[in-house]
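Residues in the sequence shown are numbered consecutively from 1, following this note's numbering.
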Amino acid sequence: MISVENPNQHHAQWWAARRGKITGSRMHVIMDGGARAWQTLADRLRLEALTDDIPEPDIEHVPAIAHGRKYEPIARTNAELMLGYDFELPGFRQHPRYEFLGCSADAFAAPMPTEIKCPLVLETHLAVYRTQCMPREHIPQVQCEIAVYDAPAALFISYHPAAPHWKMRTVILQVPRDDLYIARMEERCCEFMRALHEHRSPSAAPSAIPRLF
């Protein structure tokens, strides 16, 4: 089994499919961002909707991004070996009801979308190994993927090559669907997009979802 990058993402067609839309990687702004973060995202989406020539963000030089892109294929291959089946490698997927919403899961293990994180800091990965819990910061993205795929759950994979023992390098968790969270997420997305279409500044009201962790 060979570790390869996902050929269905990070190319011109993929960038075009997600332009002007709320995506999984942007969902933390919708759920946890304040008024300034909402305005920044609104400005970006408006700009993307106006032109096809806007350059995509150059983030490959960011250490955490480069680290994640380097090790994601290895993490995926390890998970395939541990689970005993091959993942599908998806591109951008549109939400079944909302044209402004979609996601690009790192992999798909029917019926579950899969999110892979390869944190730069070893302690971040070891905390996942120790607690067997997905960090709260990833909830918006993972629940967005569950909503887009209309799935009962998602897989969350954390990987770090420098873990003390090889058995600690790859952690696989199943994240259940949270219908209450998803309902609020979709409501906030609709609020945001209404403001965008009405050419007014979006107002980020505090999320009604309690912080449990």
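Every residue, glycine too, gets a C-beta built ideally from N, C-alpha and C.
Supposed contact pair residue j and residue i - C-beta distance, whole angstroms, cut 8 Å
{"i": "Y99", "j": "Q141", "result": "As written in the sequence, residue 99 is Glu, which differs from the Tyr given in the question. Contact flag wrong, Cβ pair sits at about 20 Å."}
{"i": "P161", "j": "Y71", "result": "6 Å"}
{"i": "C103", "j": "T23", "result": "6 Å"}
{"i": "L81", "j": "P7", "result": "Not confirmed; about 21 Å, so no contact."}
{"i": "Y159", "j": "H125", "result": "7 Å"}
{"i": "L47", "j": "V29", "result": "The pair is not a contact, with the Cβ atoms about 15 Å apart (cut-off 8 Å)."}
{"i": "A49", "j": "R76", "result": "So it is not a contact: roughly 33 Å between Cβ atoms."}
Cβ-Cβ distance between residue i and residue j below 7 Å
{"i": "I182", "j": "A147", "result": "yes"}
{"i": "L120", "j": "A163", "result": "no"}
{"i": "G68", "j": "C133", "result": "no"}
{"i": "M112", "j": "A151", "result": "yes"}
{"i": "I157", "j": "I139", "result": "no"}
{"i": "A109", "j": "F87", "result": "yes"}
{"i": "E145", "j": "A105", "result": "yes"}
Local Cβ density within 10 Å of residue i, reported as buried at 16 or more and exposed below that
{"i": "L155", "result": "buried"}
{"i": "W38", "result": "buried"}
{"i": "L45", "result": "buried"}
{"i": "V62", "result": "exposed"}
{"i": "R169", "result": "buried"}
{"i": "R200", "result": "exposed"}
{"i": "E12", "result": "The displayed chain sequence assigns Ala, not Glu, to residue 12. Exposed."}
{"i": "Y85", "result": "exposed"}
{"i": "S203", "result": "exposed"}
{"i": "A16", "result": "exposed"}
{"i": "A35", "result": "exposed"}
{"i": "P130", "result": "It should be pointed out that residue 130 corresponds to Arg in this sequence rather than to Pro. That one is exposed."}
{"i": "L212", "result": "Because L212 carries a pLDDT of 39, less than 50, the predicted location of this residue cannot be relied on, and the following value inherits that uncertainty. By the neighbour-count rule (16 or more Cβ atoms within 10 Å), L212 is not buried but exposed."}
{"i": "H95", "result": "buried"}
{"i": "Q143", "result": "buried"}
{"i": "L83", "result": "exposed"}
{"i": "A66", "result": "exposed"}
{"i": "P210", "result": "Model confidence at P210 stands at a pLDDT of 44, short of 50, so the residue's coordinates are unreliable; what they give is reported in the following sentence. Exposed."}
{"i": "R26", "result": "buried"}
{"i": "L180", "result": "exposed"}
{"i": "R18", "result": "buried"}
{"i": "L122", "result": "exposed"}
Original post:
Are the segment 183-190 and the segment 16-32 in contact at 8 Å, needing three or more beta carbon pairs?
Top reply: Yes: at least three Cβ pairs fall under 8 Å.
Original post:
In the segment 134-166, which residue ranges form an unbroken beta strand (DSSP E) of at least 3 residues, counting only runs that do not cross its ends?
Top reply: Counting whole runs of 3 or more residues, the segment 134-166 contains the beta strand (DSSP E) stretches 153-159.
**OP:** Ignoring anything shorter than 3 residues or poking outside the segment 34-103, list the beta strand (DSSP E) runs there in chain order.
**Re:** none
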